[in-house]
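Engineer: Below: one structure in structure tokens.
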Amino acid sequence: MILRCVFVLFFTVTAAFSQNNLIVFSSNAGLFNAKIEGLSLHDEYKQEIKFTSITKDTFDITIATKDRNLNLTRKLFLLAKAKPVKNKEFVYSLELNEETKKLKLVFVTVHDIKPLPDPLLPAKPAEDTTYKWRNNVFGTLFELKEGKPIFYFNLPKNGTCTEGMTQANLDHGLAFIKRTVMDIEKHQYTKEIVQNNCITCKQLSVILMSMNYELDKLKLVKDAYVNLVDKKELKTLEASFRFESSKKEFANMLANPNNMIPAKNKVNCTKAEKDSIVQELISNTKLFPTDHERFQFMKEKAAGYCFTSIQFKSILTIFLHDREKLDLTKLFYNNITDKESISILYEVFSYQESIVNLETFIKTN
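Per my numbering, the very first residue in the sequence shown carries number 530; after that it's consecutive.
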């Protein structure tokens, strides 16, 4: 009996410490779901899917896309240099060959699973800076309201960046990122910084040093591209990546820089859709649980739709965060038939900064 208990305990401990994670994100294949045979199932269609606590190092994965009804089944090996590993997170990209209409999984990177810090909150500093980091203004970069950052829109009215952000603003941003515990929040805050400010490649390289994951770094370079002052120096950022797979992906980005420029809907809208069609679109958009997924659905499905300002306002109310509301409005600006009434959209935003951001965009477009 004792021997049996020892065996069960040994097996449990071994399993707990040999778990790996798998992240699959769609590069150009749209929303998808995925199933790992005998392990777990994600039946929701998403842009990115994460499997956790995988104890097998070899298994079959089945993927199905939502829009094109394409399927892929292949064997995956969670191995490093052909050997089993523990506590690693593997990242794969789901890619669609537009000519053959076939899917493939491409390995991107592997890194250690970072446990949450213990304790979750850092120890209180000897000098009480609680108020400073809850309610304060940091240069012209951002302000904190109850600990949550609101980033200022600092891009020139003509939309052309000629010089990077000030050193003071860069220092404020780095200090705040350093205090941020969760990697997902770090990525979001750095994205806000590079999308709202002109930036040099040297400044971007410093920000990239504060990030842990290669995939987040690649995404941030793409987010920052349009606001880079010295795009000719972009290749210097290669030193920010550790893995050959990341450097290869970065090289592909350099070879196709137009893919880093946000798409704009090229439509000439004079007549809006019927309200019934818009309501159906709203109902379908509501099916997605997160703002990110709702945004991707609208981007892929509604590019050819035309809306009145009132119709588009109804769509924006589905979204929770100003960030997605603002990005979606900019993306669909040309799809709105009565731009003279577009100020009605201001009512859906929570922060004045978002309204100012949109006003500036409208004036320069």
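Quick reminder that beta carbons are idealized off the backbone N, C-alpha and C, glycines included.
In this text the structure is predicted, and so the values were computed from the model without any measurement.
Let me check one thing: in DSSP terms, what residues is Asn626 bridge-paired to?
Structural biologist: DSSP output for Asn626 lists Lys631 as bridge partner(s).
Engineer: Considering only their Cβ atoms, is the gap separating Leu551 from Thr594 smaller than 9 angstroms?
Structural biologist: Between Thr594 and Leu551, the gap from beta carbon to beta carbon reaches 9 angstroms or more.
Engineer: What would DSSP say about Leu749, mapped onto helix, strand or coil?
Structural biologist: helix
Engineer: Using alpha carbons as the reference points, say which of Lys579, Val807, Cys798 and Asp856 lies closest to Gln825.
Structural biologist: Of the listed residues, the one whose Cα sits closest to Gln825 is Asp856.
Engineer: Could you check if Phe941 is buried or exposed, using at least 16 other CB atoms within 10 Å of its CB as the buried criterion?
Structural biologist: In this structure the chain extends from 530 to 894, so residue 941 is not present and cannot be described.
Engineer: Measure the CB-CB distance between Leu744 and Val620 and report whether it falls below 9 angstroms.
Structural biologist: yes
Engineer: Are the CB atoms of Leu608 and Asp586 nearer to each other than 9 angstroms?
Structural biologist: Against a cut-off of 9 angstroms, the Cβ pair of Asp586 and Leu608 comes out as a contact.
Engineer: Got a sec? Which residues, its chain only, sit under 7 angstroms from Lys815 by beta carbon, not counting five neighbours each side?
Structural biologist: Ile847
Engineer: I'd like to confirm the pairing. Which residues does DSSP put opposite Tyr621 in its beta bridges?
Structural biologist: The partner list for Tyr621 (beta bridge, DSSP) reads Val553 and Phe636.
Engineer: Can His701 and Phe671 be called in contact, C-beta distance under 9 angstroms?
Structural biologist: Yes; because the gap between Cβ atoms is below 9 angstroms, this pair is in contact.
Engineer: For Tyr862, which three-state DSSP category applies?
Structural biologist: helix
Engineer: Give the C-beta separation of Val877 and Lys854 to the nearest angstrom, bearing in mind that I take them to be a contact with Cβ-Cβ under 8 angstroms.
Structural biologist: 6 angstroms
Engineer: For Phe554 versus Ile583, is the C-beta spacing smaller than 9 angstroms?
Structural biologist: It is not a contact, given that the beta carbons lie outside the stated cut-off.
Engineer: Let me know the secondary structure DSSP gives Asn797 once reduced to three states.
Structural biologist: Reduced to three states, the DSSP call for Asn797 is coil.
Engineer: Quick one: grab the DSSP three-state call for Leu757.
Structural biologist: strand
Engineer: Beta carbon of Val723, beta carbon of Ala704: below 9 angstroms?
Structural biologist: no
Engineer: In whole angstroms, give me the CA-to-CA distance for Asp596 and Gln840.
Structural biologist: 25 angstroms
Engineer: May I ask you to report which of helix, strand or coil DSSP gives Phe772?
Structural biologist: coil
Engineer: Give the single residue among Arg823, Phe680 and Phe606 whose Cα lies nearest to the Cα of Gln881.
Structural biologist: Closest option to Gln881, Cα to Cα, is Phe680.
Engineer: Measuring only the C-alpha atoms, how far is His850 from Asn788?
Structural biologist: 26 angstroms
Engineer: Kindly confirm or deny that the stretch 795–804 and the stretch 777–785 touch, where touching means at least three C-beta pairs closer than 8 angstroms.
Structural biologist: no
Engineer: In whole angstroms, give me the CA-to-CA distance for Ile873 and Arg771.
Structural biologist: 47 angstroms
Engineer: Compare the beta carbon distance of Leu634 and Asn557 with 9 angstroms and say whether it is the shorter of the two.
Structural biologist: no
Engineer: Could you check which residue in Asn562, Thr729, Glu628 and Ser774 has the C-alpha nearest to that of Val637?
Structural biologist: Ranking Asn562, Thr729, Glu628 and Ser774 by Cα distance to Val637 puts Ser774 first.
Engineer: Would you kindly work out how many angstroms separate the C-alpha atoms of Glu810 and Phe817, rounded to a whole number?
Structural biologist: One detail in the question is off: residue 810 reads as Leu in this sequence, not Glu. Their backbone Cα atoms lie some 12 angstroms apart in a straight line.
Engineer: Whole angstroms are fine: how far does the CA of Ala768 sit from the CA of Phe606?
Structural biologist: 28 angstroms
Engineer: Is it buried or exposed for Leu570, if we count other Cβ within 10 angstroms and need 16 for buried?
Structural biologist: When all chains shown are included, Leu570 counts as exposed.
Engineer: Please classify Asn886: is it buried, with 16 or more other beta-carbons within 10 angstroms of its beta-carbon, or exposed?
Structural biologist: buried
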